[in-house]
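Q: Residue numbers (this note's numbering), protein chains in the order written: chain A, 23 to 121; chain B, 1471 to 1855.
Note that the Cβ used here is the ideal one computed from N, Cα and C, for glycine as well.
All of these numbers come straight from a predicted model, not from anything done at the bench.
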Amino acid sequence: MAGRIKAIVIHEKDTVAVALEALSAGSEVTVACGEALPQRIKLVSSIPMGHKFALKDHEKGTPVIKYGEPIGTSTSAIAKGEHVHVHNVAGKKEGGAHA
Amino acid sequence: MTFQGFRRADGLAGTRNLVLVIPSVGCSQGAARAIARGRKDAVYLPNILGCGQVGDDQVLVKKTLAGFGENPNVFSVLVVGNGCETLNPEGLGEEIARSGKRTEVIVIQKDGGVRKTVALGRKIVGEMLADAAKLNREPIPLSELILGTECGGSDYTSGLASNPAVGVASDMLIAEGGTVILSETPELIGAEHLLARRARTPEIARKVLDAVAWWEKKAIEGGQNIREVNPSPGNMEGGITTLEEKSLGCIHKAGTTTLEEFVPAAMRPTSKGLVYMDTPAHDIEQLTCMVAGGAQIVVFTTGRGTPPGSPIAPVIKITGNRDTFLCMRDSMDVDVSGVVQGRQTVRDAGKRIFDEIVAVASGKVTKAERLGQRDFCIFKVNMNI
């Protein structure tokens, strides 16, 4: 493996990666998960450490996947390489027991 | 694959070969402690209950104490009663004896007071230890392991490194035919619908959702709406976007397989694969519930660092925080900080944890065992009267 890993993809189905250090807009990051081939992502926003960026384009209203499960739904279109957080993702607030 | 374990009369297999002294009530705890004192491989439970519990709590206390006696990490059991407690010591002994292991009951009020009871107890424990020493480890399929999973003192490394890595190890053990217990229901809030979706049957899914609703209601009665205050502003600053994400970071330690069974606190699972146990998130109560339910080994992830261990089951401490690993080297078993530092993949860290599980199941001593961490706390719902 060449160099330090700068972002983690936790599960093969994930549509987001987590930055392991602050990453700047315009930089290219190599991400890999499991047996899949590593892919290079060009960041379109700056990503603070511990925050997420998109591994693919999300249309508005599509599930955002981390840990192999939906952590919420996109509230606007999210481009590949864009910061994914409370400004463009919403969770399911009410309890599953009442759904 | 196999580990080196101890075969029991009831067909179960242990990772340890201990003689367990169980006080059936807080009043006989002192005698039980004196009986086990200074005897390597004899341990006592610091139980303060057994009298004054009402309703379901009476059942929970007996089930927890009996579960420790029945756990295959235990070779033989000595129950020490006082004599007038509501939890009948003979009844407790009978329940444990059904596992086929030698189980003796002594009672302070019948056996001549504390000193004579301690002397009698030490003689019995001496015999049990001599018999235990004759037993050797033998190869046991990994499919016979019940692995408890737990996290405590979490920080940002828990959801990024240690829990996902333990998730990989959990999936590997289940692929070997083993059992993994996921628990701590209050930590499930926000991701319960996702876990319920992985249930084998709609009935199992319903039990998971009902358990979360029960804990949520209890917390609100106590003045805390868990859903409203999560994720916290600090969580969001750290990059956590939704409550689902926060809770998944915790439950991901049980891997990604189908949920095969739901069991109440301290109840032994009957299924292989992933099992949900309805326990508190209180670290030592949760640990006690899983070991009472038959877990012979536990993996415990931490970010800030937590020392607890179990009286009868090895507890492997895993951290993704390098500073914590260095500061608390005497408590931490596995360092997966390489994941956060970009030097190790989650999968490689998971394989490392799986190897440690097999080694510890086969006799490698954990840091918590070396420190003599024998923490025990019974979960109950109501006040003592």
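1. If we require 3 or more residues per run, which beta strand (DSSP E) segments fall completely within the segment 1548-1625 of chain B?
2. Along the chain, where does the alpha helix (DSSP H) containing B/M1706 start, and where does it finish?
3. Verify the CB distance criterion: does B/V1828 have a CB-CB separation below 9 Å to chain A?
4. Output the residue ranges of the alpha helix (DSSP H) runs that lie fully inside the segment 1516-1548 of chain B and measure 4 residues or longer, sorted by chain position.
5. Who are the neighbours of A/P70 on chain B, taking C-beta pairs under 8 Å?
6. Tell me, please, whether the CB atom of A/L45 is closer than 9 Å to any CB atom in chain B?
7. Let me check understanding here. Comparing Cα to Cα, which of B/P1734, B/V1636, B/P1784, B/T1728 lies closest to B/E1654?
8. Quick one: what's B/I1492 bridged to in DSSP?
9. Using a Cβ-Cβ cutoff of 7 Å, what residues of the segment 1628-1658 of chain B are near chain A? List them in chain order.
10. Taking the alpha-carbon of A/E104 as reference, which of A/A76, A/V86, A/G83, A/G90 has the nearest alpha-carbon?
11. When you compare the CB positions of B/L1665 and B/I1721, do they come within less than 9 Å of one another, or not?
12. Could you tell me how far apart the beta carbons of B/Q1756 and B/T1485 are, in whole angstroms, since I believe they sit closer than 8 Å?
13. Work out the CA separation of B/R1697 and B/K1688 for me, nearest whole Å.
14. Taking only beta-carbon positions, decide if A/G27 is within less than 9 Å of chain B.
15. Under a three-way DSSP split, which group does B/D1825 fall into?
16. Leaving out five residues on either side along the sequence, give the residues of the same chain with a beta carbon under 8 Å from the beta carbon of B/L1679.
17. Would you mind listing the beta strand (DSSP E) stretches within the segment 1627-1703 of chain B that are 3+ residues and don't spill past its ends, in chain order?
18. Helix, strand or coil, according to DSSP, for A/H80 in the structure here?
19. Any idea if B/V1699 is buried or exposed, counting beta-carbon neighbours within 10 angstroms, 16 or more meaning buried?
20. By DSSP, does B/F1795 sit in helix, in strand, or in coil?
21. Does chain B have any CB closer than 9 Å to the CB of A/I93?
22. Between B/A1504 and the ligand NAP, is there a pair consisting of the residue's CB and a ligand heavy atom that are separated by less than 8 Å?
A: In short:
1. With a minimum length of 3 residues, the unbroken runs of beta strand (DSSP E) contained wholly in the segment 1548-1625 of chain B fall at 1573-1577, 1608-1611, 1616-1621.
2. Translated into the one-based positions of the second sequence, residue 1706 of chain B becomes position 236. B/M1706 -> alpha helix (DSSP H) spans 1703-1707.
3. One-based indexing of the second sequence puts residue 1828 of chain B at position 358. Chain A places no beta carbon closer than 9 Å to that of B/V1828, leaving this residue out of the contacts.
4. DSSP assignment within the segment 1516-1548 of chain B yields the following whole alpha helix (DSSP H) runs of 4 residues or more, N-terminal first: 1526-1540.
5. Here residue 70 of chain A refers to the residue found at position 48 when the first sequence is read from its first residue. Per Cβ cutoff of 8 Å: G1709.
6. Numbered from 1 along the first sequence, position 23 holds the residue referred to as residue 45 of chain A. When Cβ-Cβ separations below 9 Å define contact, A/L45 makes no contact with chain B.
7. As a working note, residue 1654 of chain B is residue 184 in the second sequence. Nearest Cα to B/E1654 within the set B/P1734, B/V1636, B/P1784, B/T1728: B/P1734.
8. For this step, residue 1492 of chain B is matched to residue 22 along the second sequence. Answer is B/V1549.
9. If you check each beta-carbon in the segment 1628-1658 of chain B against every beta-carbon of chain A, the ones closer than 7 Å belong to L1630, P1634.
10. For the purposes of this step, residue 104 of chain A is identified with residue 82 of the first sequence, where counting begins at 1. The candidate whose alpha carbon is nearest that of A/E104 is A/A76.
11. Position 195 of the second sequence, counted from the first residue, corresponds to residue 1665 of chain B. Position 251 of the second sequence, counted from the first residue, corresponds to residue 1721 of chain B. Going by C-beta atoms, B/L1665 is nearer than 9 Å to B/I1721.
12. On the second sequence, residue 1756 of chain B is found 286 positions in, with the first residue counted as 1. On the second sequence, residue 1485 of chain B is found 15 positions in, with the first residue counted as 1. Their Cβ separation, rounded to whole angstroms, is 19 Å, which puts B/Q1756 and B/T1485 out of contact at 8 Å.
13. For the purposes of this step, residue 1688 of chain B is identified with residue 218 of the second sequence, where counting begins at 1. For the purposes of this step, residue 1697 of chain B is identified with residue 227 of the second sequence, where counting begins at 1. C-alpha separation (whole angstroms): 13 Å.
14. Translated into positions along the first sequence, residue 27 of chain A becomes position 5. In the sequence as displayed, the identity of residue 27 of chain A is Ile instead of Gly. Output row for A/I27: interface = yes.
15. Working through the second sequence from its first residue, we reach residue 1825 of chain B at position 355. Looking at B/D1825 - three-state DSSP - the assignment turns out to be helix.
16. The residue labelled residue 1679 of chain B in the question sits at position 209 within the second sequence. E1662, H1663, A1666.
17. Scanning the segment 1627-1703 of chain B from its first residue to its last, the whole beta strand (DSSP E) runs of 3-plus residues come out as 1649-1652.
18. Here residue 80 of chain A is taken as the residue at index 58 of the first sequence, counted from 1. Taken through DSSP and simplified to helix, strand or coil, A/H80 comes out as strand.
19. Residue 1699 of chain B sits at position 229 when you count from the first residue of the second sequence. Classification for B/V1699: exposed.
20. On the second sequence, position 325 is the one that residue 1795 of chain B refers to. Reduced to three states, the DSSP call for B/F1795 is helix.
21. Indexing the first sequence from 1 puts residue 93 of chain A at position 71. It does: the Cβ of A/I93 has a partner Cβ on chain B nearer than 9 Å.
22. Of ligands this structure carries none, so the ligand NAP is not represented either.
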